[in-house]
Structures are given as C-alpha cells and as structure tokens.
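Participant:
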Amino acid sequence: MRVDLTDSLSGLLPGEAFGHPVPSSLWAALRTGVETVVAPGSAEEVATLLKWASEMGVRVVPIGTGAHTYPRYPRDPFLVLTTSRLNEIQHYEPADLTMTASAGASIRDLSTATAIHGQWLPFDPPDVPNRTLGGLVATGLSGPLWAGYGQLRNHVLGATIVCGDGRALRLGGKVVKNVAGFDILKLMVGSRGELAVITSVTVRLFPLPVVDRLLVLEATDVSELVSTALAVATAPIMPASIILSATSDGGRLLVRLHGARVSVEADQKSLEKHTGVSLEVRNTPEAESLLVQERDSGINTELAVRVWALPSRIGMLLDVLKQVPGVRLNADVYGGSVRAYLPVNLSDIESILAGLQKDIEELGGTIRALRIPAEVNASSYFTKPLVDERELAAGLRRAFDPHAVLWGTQ
Amino acid sequence: MYRLLEKGDEEPVASLLTGKVSSGMTRRLPSTVVSDLAEIVGHEHVITDPDCLLVYESDGLTAYRRPPRAVVLPSSTEEISAVVGLLHSNGIEVIPRGAGTGLSGGALATPEGVIVGTARMNRILKIDVENRIAIAQPGVINARLTEATNPYGLYYAPDPSSQSACTLGGNVAENSGGPHCLKYGVTARYVTGLTVVLAGGRIVELGGVGRDPYTTLDLVGLFVGSEGCFGIATEIELRLLPITEGVRTLLGIFESVESAGRAVTKIIASGLMPAAVEIVDGPTIEAVEASVFAAGYPLEAGAALVIEFDGTDAGLDLDADRAEQCCLEEGAIEVQRATDPEHRTKLWRARKKAFGAMGRIAPDLLVQDATVPRTKLPEVLAGIDDIGNRYGLKIANVFHAGDGNLHPNILFDRQNQNELELVERASKEIMQLCVDAGGTITGEHGVGVDKRQYMTLVHGPAELEAMAAAKRVFDPDSLFNPGKVLPAVEVKGATDTAKILAIGE
Ligand SMILES: Cc1cc2nc3c(=O)[nH]c(=O)nc-3n(C[C@H](O)[C@H](O)[C@H](O)COP(=O)(O)OP(=O)(O)OC[C@H]3O[C@@H](n4cnc5c(N)ncnc54)[C@H](O)[C@@H]3O)c2cc1C
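Going line by line, the protein sequences match chains A and B. Counting in the numbering used here, the first sequence runs from 1 upward without gaps. Counting in the numbering used here, the second sequence runs from 411 upward without gaps.
#1: Quick check: what's the CA-CA separation for S337(A) versus G148(A)?
#2: Report the rounded CA-to-CA distance for A480(B) versus T458(B), giving the unit in angstroms.
#3: Near V895(B), what residues of its chain come up, given a Cβ to Cβ distance below 6 Å and the 5 sequence neighbours on each side ignored?
#4: With respect to 7 Å, is the separation between the Cβ of A519(B) and the closest non-hydrogen atom of ligand 1 below this value?
#5: Looking at the unbroken alpha helix (DSSP H) that takes in F78(A), where does it start and where does it end?
#6: In terms of DSSP beta bridges, what is S102(A) paired with?
#7: Do three or more CB pairs link the stretch 208-221 of chain A to the stretch 248-267 of chain A at distances below 8 Å?
#8: Just checking: is the beta-carbon of T98(A) within a distance shorter than 8 Å of some beta-carbon in chain B?
#9: P783(B) and T160(A) - do their beta-carbons sit closer together than 8 Å?
#10: I want to check one thing, is the minimum distance from the CB of L463(B) to the heavy atoms of ligand 1 below 7 Å?
#11: Any heavy atom of ligand 3 closer than 7 Å to the beta-carbon of I534(B)?
#12: Would a C-beta distance cut-off of 8 Å place I450(B) and A517(B) closer than the cut-off?
#13: Can you list, in chain order, the residues of its chain whose CB lies under 6 Å from that of L13(A), leaving out five sequence neighbours each side?
#14: Please report whether the beta-carbon of N815(B) lies at a distance below 8 Å from any beta-carbon of chain A.
#15: Over what stretch of residues does the beta strand (DSSP E) that includes A246(A) continue unbroken?
#16: Please confirm whether L775(B) and N819(B) have their CB atoms less than 8 Å apart.
#17: Should S433(B) be labelled buried (16 or more other beta-carbon atoms within 10 Å of its own) or exposed?
#18: Alpha carbon to alpha carbon, how far is A711(B) from A670(B)?
#19: Consult DSSP for V607(B) and reduce its assignment to one of helix, strand or coil.
#20: Establish whether the CB of N178(A) and some CB of chain B are separated by less than 8 Å.
#21: Do you know offhand how far T100(A)'s Cα is from T114(A)'s?
#22: In chain order, what residues of the same chain have a beta carbon less than 6 Å from the beta carbon of H855(B), not counting five sequence neighbours either side?
#23: Please look up how many angstroms separate the CB atoms of I237(A) and L254(A), rounded, as I've assumed it's under 8 Å.
#24: Would you verify that the beta carbon of M768(B) is, or is not, closer than 8 Å to some beta carbon of chain A?
#25: Among all the DSSP beta bridges, which residues are the ones paired with G251(A)?
#26: Do you know offhand how far G741(B)'s Cα is from V607(B)'s?
#27: For the alpha helix (DSSP H) containing E288(A), list its first residue and its last residue.
#28: Helix, strand or coil: which one does DSSP assign to P652(B)?
#29: Nearest to Q863(B) by alpha carbon, out of G849(B), R835(B), K881(B), N500(B)?
#30: Can you tell me whether DSSP reads K804(B) as helix, strand or coil?
#31: Which value, in whole angstroms, describes the spacing of the CA atoms of F924(B) and E389(A)?
#32: Between which two residues does the alpha helix (DSSP H) carrying D109(A) extend?
#33: Residues of chain A with CB closer than 9 Å to the CB of T850(B), please, in chain order.
#34: Are the CB atoms of V634(B) and D183(A) nearer to each other than 8 Å?
#35: Any heavy atom of ligand 1 inside 7 Å of the beta-carbon of H498(B)?
#36: Counting contacts by CB-CB distance shorter than 8 Å, is I198(A) in contact with chain B?
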C-alpha cells in the first residue's frame with residue numbers, strides 16, 4: 001500500500017494495531033505480498049478503520065486468523081483487517097446456555113471454557129478448533145453435526161457488527177427466541193465478510209452428550225456405503241451426524257449417535273434393523289482421532305470444492321466426482337453436500353472443473369469453490385446464484401457497505 | 411437522523427387507546443381496479459361489500475380494527491403476481507393475510523390498503539419422503555401438514571398453539587414458535603426454500619434444499635419473519651422430521667410461579683434436553699378449573715409446570731426421573747407422569763385450554779409476548795406480578811418457560827376506558843422490565859402495529875435504519891404492509907414536503 005495511505009492510518013489507531021505478521025495462507029492466495037495487516041483492539045477501532053477506508057477508497061479484506069481465508073486479489077489498494085486481538089469471552093451464563101465472545105476468539109478456547117460446564121458448540125466443519133467464532137459465523141459452516149443439532153444459523157442469537165462504512169450495529173440479542181424486527185442477523189451467517197466486520201457473537205450452547213458413539217462401516221464398493229448411508233438418513237431416529245468419505249480405493253461410513261447410554265444403544269439396534277447392516281462400534285480415543293482425521297484431512301489441499309444436491313442424489317454426486325483422478329471425497333449425507341479435494345497437478349484442471357459443473361448442475365445441484373489456487377480462473381466453473389437472488393444480495397450489500405469497501409473472501 | 415417514515419404514518423400511530431382506528435369512511439377502490447382484479451381471480455374472489463369486509467377488520471389482536479378497501483383471494487402464484495402487479499401499478503398497498511390469528515396486528519389493513527388473502531392457496535404440492543421435505547402453498551393450515559405427513563412416519567415440528575387455525579404462510583411471516591420449539595427450534599430452522607411475489611408482482615425463487623445455501627446471502631432466512639412487509643410467500647419448502655418413538659409428560663405442581671421458574675432453570679442447566687417446558691400460573695389454573703376444561707389441578711397451586719421429553723423410548727424414563735428430581739428439589743408439591751396418550755392430553759389440558767378459559771373470566775384479553783434469559787424468569791415473573799398489583803390488573807401467565815418466552819395475559823374490559831389506559835401503561839412497563847432483564851419485546855408474535863412503539867427499547871436508530879434499508883431492497887416503494895414493524899419516526903425539522911419526500915426512499 002502507498003506510504004501516504006499507511007501514514008494517514010497510523011495516526012488513527014494505537015500502535016498495537018500494527019506490525020502483525022501476515023498469515024502465510026494469504027501470501028499464496030494474494031499472489032503478491034500483503035503489506036498491511038491491521039489488528040484493531042476494539043469494535044470502535046474497527047469502525048475508525050472502516051470509516052477511514054471508505055473515505056480513502058481503500059479496500060479491506062476482513063479475516064479471523066487467516067487460516068481459512070482464500071481471497072482473490074483486489075486490484076485497488078487494500079489492507080487486511082484481522083480480528084485476532086478481539087478475543088475475549090464477554091459473557092457466559094452456563095445456566096442460560098448462551099455465550100457472548102469477541103469475533104476473534106478461537107473455537108478451541110471457547111470450547112475449553114464451555115466444557116468445564118458440560119457444554120459445547122455442536123459444529124464440526126474442517127479444522128474447527130482453529131477457527132475464530134467470527135470466522136465460523138462468516139463462513140456459515142456448521143459441519144455434518146447439523147443433522148442432530150441444526151445449522152449454525154439457527155443458533156446465532158446476536159452479534160455486533162461494523163458495516164463497511166463504519167456504522168456499528170447491535171443485532172439480535174442474548175435470548176433464544178427473538179422476532180423483534182426484520183432478521184438482518186441471519187444475513188451475517190455466511191456473509192463471508194461482504195456486508196460487515198463481525199466484532200462479537202452470541203451463540204446458543206448445548207449440553208455435551210453423555211455418550212458419543214461412533215459407528216463405522218468400511219467397504220471398497222462405495223455404492224454399498226451409499227445405500228446404507230441413505231437408509232441411515234431415512235431411519236426413524238436422528239443421528240448426530242452421517243459422514244461418508246471415499247477415495248478411488250473405497251470408503252467409510254461414519255454414523256455418530258448422541259444421548260444417554262440406553263438410548264444410544266436402542267438407536268444403534270434400530271439402525272441395524274432398519275439398514276440390515278451391522279455397524280462396528282469404535283471406542284474412544286480411536287473414534288475421536290478417526291473423526292478428526294475425516295474432518296481435517298483436506299485442510300491443506302489447495303483445491304477444494306463443495307457440491308450440494310438433494311440428499312437422495314448423494315450417490316449420483318459421488319459417481320460424478322469419483323471420476324476425477326486422485327480425488328478425495330467427504331460427504332455430509334444428511335445435508336446432501338460433498339467436499340471434494342482435487343489434486344492441483346492435473347494438467348486439464350479447468351476442463352475437469354467445467355465438466356463437474358455441467359454434470360452437477362444437471363443433477364439439480366450446485367458447485368462452489370472452498371479453496372482454489374490463484375492460477376485457476378475461479379469465476380468460470382462455479383454455480384452462480386439465481387439472477388434474482390444475485391440482485392437482492394447486491395442491494396443488501398449496497399445497504400451495508402455503500403462504498404464497497406469490504407472485500408469478501410471465500 | 412434517519413428515515414423511517416412510510417406511507418400510512420401520517421395517520422396517528424395506532425394504540426390500544428385509539429382502539430378502533432377505522433375513523434372515517436374506507437375509500438372504495440376504483441371500479442376499474444375491481445373489475446381488473448375480478449378478471450384475474452374471478453368475481454366471487456374479490457370482496458368489496460362493506461359488511462363482508464368486516465370479517466377482515468382485525469387479526470387475533472382485536473384491539474386494532476380497520477376494514478380494508480377490498481379483499482382479494484387468488485389461488486396460485488401467478489394470480490398473486492398478477493394481483494400484486496395490478497395493485498402496485500395503481501399505487502395501492504398490499505396487506506398479505508393468512509388465517510388472521512396473528513397477535514400483533516400484522517394483518518391489519520392500512521387506510522389505503524387491499525388485503526391479499528391466501529385462504530384459497532391451501533394445497534400441499536409435494537411430500538418428498540426420501541429427502542424429508544414438503545412443498546406447500548401458504549394457505550395450508552399448520553396442523554394439516556403434520557396430518558398429511560404422519561402416514562409416512564414424518565411430521566412438521568413447529569407447533570404454535572394456534573396450529574389448528576394458523577397458516578404456514580403466516581408462520582413464515584412471523585417466524586412462529588410453539589411449545590416444542592424448545593428442542594426443535596422455530597419456523598426459520600425448517601424453511602429451506604421459498605417462492606415469493608415481490609413488489610410489482612415479480613416472482614422470485616429463494617434457496618431450495620438441493621442448493622448450497624451459501625452461494626449467496628441467506629435471503630430465505632431474511633424473508634422469514636418479515637411480517638408481510640417484504641412480499642408474499644406463495645410456495646414454501648419445509649423440512650420434515652421423523653416421528654419420535656416415545657414421549658413422557660410430567661406435570662409438576664408448585665406453590666409459586668417463581669419456584670416453578672427455578673425448576674425450569676435447574677432442568678435446563680442439568681443438561682437435560684426436554685422437548686417442551688411450559689408454565690401455567692395460579693390465576694390461569696383458577697380460570698381453567700372454573701371452566702368446562704377443568705383438568706383437576708389443585709386450586710391452591712401457584713403454578714403448574716408441564717415438561718415433556720420425546721425421542722428414543724429407552725432413554726425417556728431416565729430423563730423424566732431427573733426432571734422430577736429437579737422439580738422436587740425446587741419445592742414441587744407433587745409431580746404426575748403420563749405414559750399413555752389420554753393421560754398426556756389431560757396433563758396438557760390447562761396449558762392448551764388456557765386462552766379459551768380466560769375468555770370466561772374477563773371480556774377482553776391482551777396476550778403479551780416477550781423473551782428473557784431463562785435464569786431471569788423468577789425475578790421477571792415477580793416483577794410482572796408487582797406491575798399487575800400496582801395497576802390493579804389481573805395478569806395470567808401461560809408461557810414457553812424453557813425458552814424464557816413469556817406470555818403475560820392482561821385481562822380487562824374494553825368498555826372501561828380507564829382500564830384500557832392502565833393496560834397500555836402496564837404493557838409498556840412489562841416490556842421495559844423484560845428488556846432490562848436482558849430480554850426482548852417479542853419472542854414469537856412479532857411486532858406488527860402493536861409493538862412498533864416498543865422497538866426503540868431494543869434497537870437504536872442505526873439498527874432500525876438498517877432494517878428499513880433491508881426492506882427497501884425488497885420493497886422500495888413500501889407497498890407491502892406499510893406502517894408495520896418499524897416505528898414511525900419524525901424527521902427532525904423537516905417540513906411537510908420533506909416528510910413526503912422521505913416516504914418510500
Ligand atoms: C390462541 C392463539 C395461540 C397462538 N399461539 C402461538 C404460538 O404458540 N406461537 C406463535 O408463534 N404464535 C402463536 N399465535 C400467533 C399466530 O397464530 C401466529 O403468528 C401465526 O403464525 C399467524 O398465522 P396466520 O395464518 O393467522 O397469519 P395472519 O395473522 O393472517 O398474518 C400474520 C402476518 O403474516 C403476514 N402473512 C400472512 N401470510 C403471508 C404470506 N403468505 N406471505 C407473507 N406474509 C404473510 C401478514 O401480513 C401478517 O403480517 C397464537 C395465536 C392465537 C390466536
């Protein structure tokens with residue numbers, strides 16, 4: 001960034017806001033180096049920064065730690081705003097099962113605090129412990145546990161945000177039921193930094209399950225796993241999550257049951273009766289490491305996409321995706337989505353992506369980039385929102401970020 | 411300074427006191443508009459006869475009344491689109507309406523408005539058993555969806571107490587809850603896709619279960635709870651759940667509502683996940699026991715707590731034992747448990763028949779609605795009691811205690827002008843009390859016209875302007891349900907012309 005710009009900013013914020021290291025993930029994604037990473041120490045400082053950026057025409061890329069940020073490169077002058085210094089628990093009332101924390105607090109730290117009271121945040125997207133609360137909300141990712149607990153969007157009770165032009169807003173509240181006005185809070189979940197910088201979040205917590213049982217089925221024939229997975233998904237009980245992972249060598253079905261011991265046992269019997277398949281119980285700690293392995297195995301992959309369709313079409317989605325050599329797949333069977341990790345060294349990667357898009361959209365599904373190397377021309381191969389949706393979203397973006405200061409990330 | 415003036419705000423802000431806001435004559439629709447509407451939906455579905463319009467003069471909150479200029483009853487998305495297009499091109503406001511059971515005056519007509527009702531849009535279009543979703547027209551009655559999906563082992567979870575009358579469209583507009591939303595969540599959790607008709611009649615599809623919800627912003631989530639101010643939902647895609655295997659229902663009788671409240675906190679904090687936790691207080695029990703719905707509750711009871719667990723049968727007795735223990739520790743006089751459906755119905759009776767029973771002890775009832783953090787229930791309930799005593803008003807509480815969602819019901823007599831004023835003042839104090847306790851002014855009934863005046867208790871000018879801006883994206887000229895949700899705000903120092911310019915910006 002130009003020196004005169006940096007100078008004008010340095011007078012506005014305390015010294016602690018500057019001199020932070022550039023997250024390594026950003027170097028690659030941004031192609032060129034990021035010169036300025038600013039870490040405001042309060043919501044007011046976020047507001048000061050964004051007001052300044054609006055006036056100066058500087059773009060701002062909001063990030064948590066940056067570990068899960070894959071921005072494209074803004075052409076205009078830009079800086080990176082990290083919430084890393086906004087990291088305290090502001091309010092935690094265990095008896096209410098609600099917690100308010102600053103956006104930069106890591107899920108790992110929050111989980112440690114809630115575990116003491118037998119509570120947790122039932123969300124398990126990849127690398128969840130290293131995500132920040134604000135980052136989790138901004139990406140909107142719930143992970144496969146939403147089968148049993150519902151999506152993150154239903155458990156975000158409130159947030160404080162700073163809009164692109166520096167307006168600070170308090171959305172929602174601290175209570176579990178709240179319909180006082182239009183639900184603009186929902187817009188923040190999955191907004192990917194396009195509307196506002198989230199500075200704090202109030203979430204609903206859940207009691208930790210007494211028993212967390214993992215059932216596993218392994219097979220070389222993925223279609224066998226698919227039919228069992230679909231039978232599990234339509235059983236009369238509700239598992240906490242249903243995950244199917246696959247490579248060209250076969251795959252694995254993981255079903256997680258939560259509850260009291262007697263009910264988990266009964267659920268397992270009922271699943272076996274319904275599917276006609278005997279699922280193997282994995283004990284902790286082996287179960288835990290297997291779940292973490294399935295959850296996180298792709299986090300260092302450079303090219304990852306998310307594919308989504310009706311849950312009943314999951315088998316067809318997997319059939320399409322399996323054709324890519326070297327691909328690794330992880331499906332959330334309840335939600336109907338698949339994360340696909342693709343090798344980047346494929347010479348014809350762009351034509352592969354184009355082919356996937358065509359096949360998946362023909363199945364009525366969507367394909368979206370989770371991570372793409374800078375060399376791949378991202379805009380072409382992914383499902384666009386419907387025209388009307390795009391127009392409404394653009395209108396909302398103008399309302400929250402009138403000077404288009406915020407640079408949304410993937 | 412912010413702009414929130416909308417058409418209709420030149421009217422005095424409706425209040426309980428001004429009661430019947432239908433001052434003066436309702437302006438008739440131009441006959442060309444009437445005949446054009448009839449062309450679209452058929453003569454018999456355009457209501458203009460003043461006597462027939464009286465049916466539509468209020469929703470479930472009868473304190474506010476105003477007949478619309480006309481009521482139109484289309485039968486398809488295309489007809490709604492054509493009707494809205496016609497009305498909007500004539501500058502006529504549209505008020506969407508379902509069954510009219512709303513309790514915040516959301517479906518109240520504006521002085522210039524026409525009601526577009528969904529009564530004829532009552533078909534369930536699809537039940538997809540494999541994917542556990544249903545697509546329904548907005549006029550489908552909530553309970554019917556559960557009836558229709560039961561044969562497939564499925565049901566629709568949100569169960570407002572009005573579920574045998576209210577529509578899915580109304581539920582979407584209000585983001586309605588119900589007793590079992592404690593475990594299962596409110597309407598928003600179940601709406602996966604919508605077809606909506608927006609300003610000018612534009613038909614727009616939002617979301618859909620087979621699409622990645624985050625290819626764009628959560629527009630479905632924003633539309634849910636928009637109280638008819640963004641557009642009309644004309645097709646609703648909803649998630650269904652498998653019917654649970656077992657149910658246990660407990661009824662705990664307590665000496666006071668405060669101790670019942672403490673038992674609620676204890677149950678939730680102990681890590682149990684009940685499907686429903688509802689409180690019925692002493693005055694309500696009295697009313698129910700004096701009515702044809704008498705359930706055999708002890709009359710000296712200060713409160714009754716209905717607790718329900720559902721899920722895999724094997725674990726339920728254990729849960730029920732633990733909840734019973736919590737009740738006893740907080741001083742429950744007795745705890746009953748039901749395992750068979752008949753006994754269950756009996757334990758629920760006081761809760762379900764509360765509103766009907768109250769009708770017998772007072773001519774009018776104002777159903778209030780607010781949420782507080784669960785741990786604040788005992789002190790807030792004591793505060794409400796105090797407010798009732800100070801104003802000499804009878805307040806009966808029947809509510810979703812597990813969610814901290816209060817319904818203080820104020821009993822009064824509309825004919826008594828003095829009492830009306832007290833009701834209004836007591837309501838306001840109750841709202842302030844709940845907000846001070848860290849709560850909010852409505853948990854499920856919405857803002858409508860009734861709570862506009864309280865919006866500033868929980869939102870500042872910037873938040874209200876952000877909501878107004880969101881509405882403008884969907885409805886730039888404020889032709890859908892104007893004068894609802896957002897409070898009327900004077901633009902400081904503005905001349906009348908400037909005020910008018912502020913309209914619809
Ligand atoms: C006895 C009783 C008990 C109740 N219990 C509960 C309860 O437990 N939980 C709860 O949440 N509520 C409860 N309610 C309130 C009410 O039933 C709900 O708000 C319900 O969702 C309203 O549905 P409706 O079809 O009657 O809508 P209406 O009253 O007709 O309309 C409500 C609002 O929705 C809008 N609207 C209607 N249809 C559409 C559409 N298709 N598209 C866009 N906007 C539309 C209207 O403009 C209006 O603003 C209760 C009401 C009564 C009378």
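Positions of the beta carbon are idealized from the N, C-alpha and C atoms, including for glycine.
Facilitator: Reading it off the structure:
#1: The sequence position of residue 337(A) within the first sequence is 337, counting from 1. The sequence position of residue 148(A) within the first sequence is 148, counting from 1. Approximately 16 Å between the Cα atoms of the pair.
#2: On the second sequence, position 70 is the one that residue 480(B) refers to. On the second sequence, position 48 is the one that residue 458(B) refers to. The alpha-carbon atoms of A480(B) and T458(B) are separated by roughly 5 Å.
#3: Position 485 of the second sequence, counting from 1, holds the residue named residue 895(B). So the list reads E637, C639, V857, once near-sequence residues are dropped.
#4: Along the second sequence, read from residue 1 onward, the residue named residue 519(B) stands at position 109. Not so, every heavy atom of ligand 1 lies at least 7 Å from the Cβ.
#5: Taking the first residue of the first sequence as 1, we reach residue 78(A) at position 78. Where F78(A) is concerned, there is no enclosing alpha helix (DSSP H), although the beta strand (DSSP E) it sits in stretches over 78-82.
#6: As a working mapping, residue 102(A) is identified with position 102 in the first sequence. Note: S102(A) sits in a beta bridge opposite S200(A).
#7: yes
#8: Here residue 98(A) refers to the residue found at position 98 when the first sequence is read from its first residue. By this cut-off, T98(A) is an interface position.
#9: Counting from one through the first sequence, the residue named residue 160(A) turns up at place 160. Counting from one through the second sequence, the residue named residue 783(B) turns up at place 373. No, the Cβ-Cβ distance between T160(A) and P783(B) is not below 8 Å.
#10: The sequence position of residue 463(B) within the second sequence is 53, counting from 1. No - ligand 1 has no heavy atom lying nearer than 7 Å to the Cβ of L463(B).
#11: As presented, the structure is devoid of ligand 3, carrying ligand 1 as its sole ligands.
#12: What you label residue 450(B) is simply residue 40 of the second sequence in a count that begins at 1. What you label residue 517(B) is simply residue 107 of the second sequence in a count that begins at 1. Cβ atoms of I450(B) and A517(B): not closer than 8 Å.
#13: The residue labelled residue 13(A) in the question sits at position 13 within the first sequence. Cβ neighbours of L13(A) beyond the five flanking positions: E45.
#14: Sequence index remark: in the second sequence, residue 815(B) carries index 405 (1-based). Yes - at least one Cβ of chain A is within 8 Å of the one on N815(B).
#15: On the first sequence, residue 246(A) is found 246 positions in, with the first residue counted as 1. Segment 241-247, the beta strand (DSSP E) holding A246(A).
#16: Here residue 775(B) refers to the residue found at position 365 of the second sequence. Here residue 819(B) refers to the residue found at position 409 of the second sequence. In contact: L775(B) and N819(B) (Cβ atoms closer than 8 Å).
#17: Taking the second sequence and counting its residues from 1, the one referred to as residue 433(B) is at position 23. Since pLDDT at S433(B) reaches only 44, below the 50 mark, its modelled position is unreliable, and the value read off the structure follows with that caveat. Exposed: under 16 other Cβ atoms inside 10 Å.
#18: Translated into the one-based positions of the second sequence, residue 711(B) becomes position 301. Translated into the one-based positions of the second sequence, residue 670(B) becomes position 260. Going by the C-alpha atoms only, they are around 11 Å apart.
#19: As a first step, residue 607(B) must be located in the second sequence, where it is residue number 197. Correct three-state label for V607(B): strand.
#20: What you label residue 178(A) is simply residue 178 of the first sequence in a count that begins at 1. Yes, contact with chain B.
#21: Looking up residue 100(A) in the first sequence gives position 100. Looking up residue 114(A) in the first sequence gives position 114. Cα-Cα distance, rounded: 12 Å.
#22: Here residue 855(B) is taken as the residue at index 445 of the second sequence, counted from 1. Answer for H855(B): L513, S514, D779, listed in chain order.
#23: Taking the first residue of the first sequence as position 1, residue 237(A) is located at position 237. Taking the first residue of the first sequence as position 1, residue 254(A) is located at position 254. Not quite, the Cβ-Cβ distance comes to about 16 Å (not below 8 Å), so this is no contact.
#24: Here the question's residue 768(B) lines up with position 358 in the second sequence. Answer no: the Cβ-Cβ gap between M768(B) and chain A never drops below 8 Å.
#25: Within the first sequence, residue 251(A) is the residue found at index 251, counting from 1. Its beta-bridge partners are A219(A), A246(A).
#26: If you number the second sequence from 1, residue 741(B) lands on position 331. If you number the second sequence from 1, residue 607(B) lands on position 197. Taking the straight line joining both Cα atoms gives about 54 Å.
#27: Within the first sequence, residue 288(A) is the residue found at index 288, counting from 1. Unbroken alpha helix (DSSP H) run through E288(A): 286-296.
#28: Translated into positions along the second sequence, residue 652(B) becomes position 242. Residue state, collapsed to three classes: strand.
#29: Counted from its first residue, the second sequence places residue 863(B) at position 453. When only C-alpha atoms are compared, the closest one is R835(B).
#30: Taking the second sequence and counting its residues from 1, the one referred to as residue 804(B) is at position 394. Strand.
#31: It is not possible to answer for residue 924(B), since the shown part of chain B is limited to 411 through 915.
#32: By 1-based counting over the first sequence, the position of residue 109(A) is 109. Unbroken alpha helix (DSSP H) run through D109(A): 107-115.
#33: Walking along the second sequence from the start, residue 850(B) turns up at place 440. The answer, in chain order, is G172, G173, K174, V175, K177, N178, V179, A180.
#34: By 1-based counting over the second sequence, the position of residue 634(B) is 224. By 1-based counting over the first sequence, the position of residue 183(A) is 183. Cβ atoms of V634(B) and D183(A): closer than 8 Å.
#35: Here residue 498(B) refers to the residue found at position 88 when the second sequence is read from its first residue. Because no heavy atom of ligand 1 lies under 7 Å away, the Cβ of H498(B) does not count as near it: no.
#36: By 1-based counting over the first sequence, the position of residue 198(A) is 198. Answer no: the Cβ-Cβ gap between I198(A) and chain B never drops below 8 Å.
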